[in-house]
Amino acid sequence: MRTYLLIILVVLLVSPVFAAQPPRELTILNWDDYLDPELVTRFERENNAKVSQVLYATDEDRTRKLLETGGRGYDLILTSGIDLAKYIKNGWLKPLDTARLKNRRHLSSQWLTAFPDAEQYALPYFWGTLGIAYRTDLVKTPITRWSQIFTPAQELHQKIGMIDDSRDIVSMALKALGFSANSEDKEALAQVKTLLRQQKPHVKSYRYVAIDETSALLSGEMVAAMMYNGDALAVAEFNENITYVLPEEGGNIWVDYFVLSHAARNPDLAYAFLDFINNPPVAAQQAEYVYFATPNAAAEKLLDPEFLEHPAIYPSVKALKQSEYYQPISPRGNRLRNIMSSEILR
Amino acid sequence: MKLRLKLPLLLIPVVALPLIIVGIVSYVQLREVAERRSSAQIETLLTQVDLNAHRLIDNARSNVQLFSEYPLVEQYFLADSEDERYSVLYRPLQHQLHDVQKVFPYYYELRILLPSGFEDLRLVNRDIPNLTENEIGSPLFTAVSNSESDLSVQFMTNPDTQQLACYVTKRIRLSNEATDDPTAAPRLRGYFSATLDLGSLFKQFSENRLGENGGIYVVSENGEIAYLPEHLRWLESVDMNLPDDFIMTRTSRMQEIDLGGEIFHMRTQHLYGDLWMYAILPETDLLSASRSFSKVIGQITALAILSSLSLILYVMRVQVVGPINRLRKGLLKVAEGDELVQIPVDRKDEFGELGAEFNRMGFELKKSNDQIRDMAYNDNLTELPNRFLFHKNLGRSMDIALQEDKQLGLLFLDLDNFKQINDTLGHHIGDKLLKEVALRLQNNLRGKDIANRLDQGVVEHNLARLGGDEFTVLLHGITSPVGIGKIAQRLIDTIEQPFFLEGKEHYISVSVGIAVFPGDGENSEDLLKHADLAMYQAKKKGKGCYEFYSKEISNLAIERSQLERNLRAALENNHFELFYQPIIDCQTEKIASLEALIRWMDPELGEVSPEYFIPVAEDTGLIHAIGSWVLAEACCQLKLWQDAGIENLRVAINVSGKQLEKSDFAEQVERNLARNGVSASSLYLELTESAVIQGTGEVLETLKKLQSIGVRIALDDFGTGYSSLSYLRHLPIDILKIDRSFIQGLGQQNNNVILSAIITMAQALSLEVVAEGVESQGQFAFLKKERCDLLQGYLFHRPQPSLRITEQLLSKSLQF
């Protein structure tokens, strides 16, 4: 009886402590729908945490949000590899304590070191390509090249989706014209300017196409869109006529990284999250959720061969041959691109 | 001008003048009001525009201040590397400024200028090409970098758009808390500039037109046009020679200026900085209200004139012209005819009175007309119907006769020798006689009516006096001419009964011509003319008898009238010639004298005998002209013969009684003798018995006068008329010519005794005796035995032209 009373007392004493302790908050700056909600719930349950996500629509959107707060307000930031250096330079990131990340070992070094300082500051989350998704049933001529959406046929008129991102539109236009995506050649850029200008009237929207059931690709309002491979596959879940192609001119190979904000309020929770997400079964489930290729070698082993052999997710080496990583551009080059795209994206 | 035209013409000014005066006064008043109102309106407008402009600019100033304090903007200015600026901050800043432009689209250009003048960032929300990124040396950059104030406003033409724009620029001075010395003054980092679209302002300019051609435009300090709304583009082609002092001393007063030949009212107001607003209002528009008002007044005037005119016309028509016309029509009726004219009098005004007067006058007129008609239709001497009424009756009677298929007899009565009675006994007696004749005719016709009725049905008569001694009788319903003849004879008989006038007995006869309708004339004129001709014929037949009209009578009349025509032509064309028949001395058988005999050789009728044409000449009065010619011709010839040395030759001229009736006949003869220098003794005048005997006292006077100057008088054709030898004693004659009938009748019955008695008697009266028509030796022997003085006849000489006579005379004179 006394024991029971003790237990009750302990419970009574401890419980309020348990109950009184609020869940720790983890704020992540992230793409929309980039985390399996089921996994998030699991993490929250396991860690008595509340995960909040601040979503951004484009890389630039993310940078702007960071600028507004000076990089504050987030614990973890999901960033594109190309912006890593920029963010590090702005002092918005904190180097990672690799000792606290036991699952980091599953990540292939190819992706860990794909961008300068990535190894020190970032954990690769997914990698993928930027290409074209289109409706095979609504487009007569199969789309295989960027030029087909930059100088579109009549059947694509006002049915093209683009991305509201100067880097993506300018770089892919460069690819369409046969230049390097990272070219700073003035002549090449002048051609890009002309190309983008003449494309603009054919474009339905520069807002990144939705990947849920509301997507314009499903309604047919849009029949072709510049898209990330996994997003394309996500939409294709709703309509099997949607196909993703990595254009013959080559696309952009990107790597997304999780980085720790220099102003993280819950770095411990952040580390816990990073380790959780790189736990191979979790990483595999996550990959299947977003249809992107995971840099987690151990997770890959858990994935279906079908997933691993999907050409959109794991393009052939040949297909990747023409594709490029984004490289840092000179400031003046950036200014030029910004001025150019601001006219298009106005 | 007619009353209905004159009255309105007089009334138009009465109606129009007040309206026109009202119009003019209103025009002037309206003009003043319009001027005041537009002045106030322009002032309000300018103030409003000014207010709006200031509000716009003030807002822009605070906004630019606000934008420039955006963290991102400050961060951008503070960024010390191009990499940070262009690779990190540029796109987000573009985004942010883009969001700003979404809210304030009229900040169509947002720029960040570096202290060097480099246009580092430029965001436009419309397609405006950027001409240069280097603003150093540009007017704007010069202005803002030299501006005392950190926040400056400039109005300038945007070189990219060539349009007036407002630049609101904030000079950015910032200290980098991290790197800069906190005590040092903030460093100049650059400029944040917003370019304002003045569209909303311009819209006010273009929306606020002043009249048709006017409006507001913007002029800079130096007088150059800074902004011109579309509808004022025409100003560009106009020489705007505003006086310099106008620009210097812009006033807020309204001023009149001439722009391209049109007068404008101008007012100026300071806008901002060195900008001025010029408001111009065309005078025509200023006056348009008063113009349209005066147009309305004009229309009202016209309408008033029109309506009052029609009213006046209507009133005049009803009140004045109508009654006048009724009166006029009444008067016309009065003028036309003679019936009683009365017009309706239904009014109480002057026209009513006039109408009543008119009716009274019409009544009086009718009365006097009736009297006049009585006078006009009736002969006031005999109270018989006159010629006028007779013609009316005749026409009517002829119509009735035609309708009833009956005959109508027209008797034309003319008293014989009535003129003589008038002349000898005086008009007094003549008139009384006519009265008696009328009475007697009337009684006779009336008295015999019953008998006629019994005899031959109803005969109605209609006696009239045509004038003078002419009467007519119309016999209706007759069946045969015989009855007419009877009536005519009855009338002749009754007139031949003696008349007792003033205790004396008078005898007179009447000749009657009868024409019967239908047959003797188809109209009244012809019928009367033919009756007249028949009467004339009756007179010719010896008077006191009646004669029916016949075709022959008509033909005679026609012939006569042709003769008359030709006779006149003969006179004009001198178709007459004098032949001379010698008269020889019975004892010596020498030519003692010559009788001038007129010959008429008509081109149409051939030779016309004097017996035939002389009566016509006498009737028509042509005898005077012919006589004059004969006298002149004979005198002239006589002179020629005398000049040729033929002495003691006498020429006889035949003179008509008519000639003698002319009082100056003796003088005429005297003149002719004197003109030709012929002695009176060598001329003698042959007169017929009737001419002398029927001649009045004046004729005798003339004869005596002729005798007194030495002209001798011969009595021609002695023995055909009265042949009263005792009567000869009283006549002033010198020669007696025995009619040829006596000579030709020699040897028959007791002609020889009578002839010798005549010769004896004449010689006893100291008259020279001439025997005419001697054609045989026996006659010559007898006459020679009876010691007749002179002989004339074919036995000796025929009448010959003067030339032949001259030859004979000359040869004979040589012989003798």
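Protein chains in written order, with our numbering: chain A, -8 to 337; chain B, 159 to 974. Backbone N, C-alpha and C define an ideal beta-carbon position, used for all residues, glycine too. Predicted, not measured: the structure shown is a model, and the values here were computed from it.
Residue burial is scored here from C-beta neighbours: F734 (chain B) has at least 16 other C-beta atoms within 10 angstroms and is therefore classed as buried.
The shortest CA-to-CA distance from D947 (chain B) to any of B:Q958, B:P959, B:V932 and B:G295 is the one to B:V932. Closer than 9 angstroms to the CB of S245 (chain B) there is at least one CB belonging to chain A.
Against chain A, the CB of P263 (chain B) has no partner CB under 9 angstroms away; the residue lies outside that interface. Per DSSP, reduced to three states, the secondary structure at D589 (chain B) is helical. Taken through DSSP and simplified to helix, strand or coil, D572 (chain B) comes out as strand. Distances from the alpha-carbon of S465 (chain B) to those of B:V396, B:I170, B:R962 and B:I804 put B:I170 closest. Within a 10 Å sphere around the beta-carbon of Y770 (chain B) sit fewer than 16 other beta-carbons, which makes this residue exposed.
The beta carbon of K80 (chain A) falls within 9 angstroms of a beta carbon belonging to chain B, placing the residue at that interface.
Listed in chain order, the non-local C-beta contacts of L168 (chain A) below 6 angstroms within the same chain comprise Q182, local neighbours out to five positions each way being set aside. For a Cβ distance threshold of 8 angstroms, nothing in chain B lies close to K85 (chain A): the least Cβ distance comes to about 18 angstroms.
Look at the beta carbons and you see the segment 570 to 588 of chain B touching the segment 668 to 679 of chain B: at least three pairs across the two are nearer than 8 angstroms. Only residues of its own chain outside the window of five on either side were considered, and among them L736, F737, Y738, Q739, P768, N812 and P957 have a CB closer than 8 angstroms to the CB of L755 (chain B), listed in chain order. Residue pairing from DSSP places K328 (chain B) in a beta bridge opposite B:L309 and B:F350.
Here DSSP, grouped into helix, strand and coil, assigns S196 (chain A) to strand. One Cα belongs to M435 (chain B), the other to Q233 (chain B), and the distance between them is close to 41 angstroms. One alpha carbon belongs to D874 (chain B), the other to E762 (chain B), and they sit about 31 angstroms apart.
Annotation: Cβ neighbours of T54 (chain A) in chain B (cutoff 8 angstroms, chain order): V246, R249 and P250.
Counting along the chain, no alpha helix (DSSP H) covers Q427 (chain B); the unbroken beta strand (DSSP E) around it starts and ends at E420 to Y430.
S157 (chain A) has a beta carbon lying within less than 9 angstroms of a beta carbon in chain B. Between the alpha carbons of F629 (chain B) and N602 (chain B) lies a gap of roughly 14 angstroms. Contact holds between the segment 386 to 395 of chain B and the segment 357 to 372 of chain B, because three or more Cβ pairs, one in each stretch, are under 8 angstroms apart. Comparing alpha carbon positions, the residue from B:A514, B:K698 and B:L841 closest to D777 (chain B) is B:K698.
The alpha helix (DSSP H) runs lying completely inside the segment 73 to 112 of chain A and spanning 4 residues or more are 75 to 81, 100 to 103 and 109 to 112, given in chain order. Of all residues in the segment 215 to 241 of chain B, only P229, L230, Q233, S239, E240 and D241 place a beta-carbon less than 9 angstroms from a beta-carbon of chain A. Residues of the same chain with a CB within less than 6 angstroms of the CB of Y280 (chain A), apart from the 5 flanking positions on each side, are D27 in chain order.
Against chain A, the CB of R280 (chain B) has a partner CB under 9 angstroms away; the residue lies at that interface. One finds R337 in chain A with Cβ atoms closer than 8 angstroms to the Cβ of N283 (chain B), taken in chain order. Taking the Cα positions, A288 (chain A) is about 54 angstroms away from V222 (chain B).
At a cut-off of 4 residues, the continuous stretches assigned as alpha helix (DSSP H) that sit fully inside the segment 754 to 826 of chain B are 768 to 778, 780 to 801 and 815 to 819. Between the segment 227 to 246 of chain B and the segment 316 to 330 of chain A there are three or more inter-stretch CB-CB distances shorter than 8 angstroms, so the stretches are counted as touching. Fewer than three beta-carbon pairs drawn from the segment 165 to 185 of chain B and the segment 297 to 312 of chain B are found closer than 8 angstroms, and the two stretches are therefore not classed as touching.
Around the beta carbon of E37 (chain A), fewer than 16 other beta carbons sit within 10 angstroms, so the residue counts as exposed. Distance from the CA atom of V130 (chain A) to the CA atom of R337 (chain A), rounded to whole angstroms, is 28 angstroms. Closer than 9 angstroms at the C-beta level to chain B, one finds these residues of the segment 303 to 327 of chain A: P319, I320, S321, P322, R323, G324, N325, R326 and L327. Using a Cβ-Cβ cut-off of 9 angstroms, S174 (chain A) does not count as an interface residue toward chain B, since no Cβ of chain B sits closer than that to its own.
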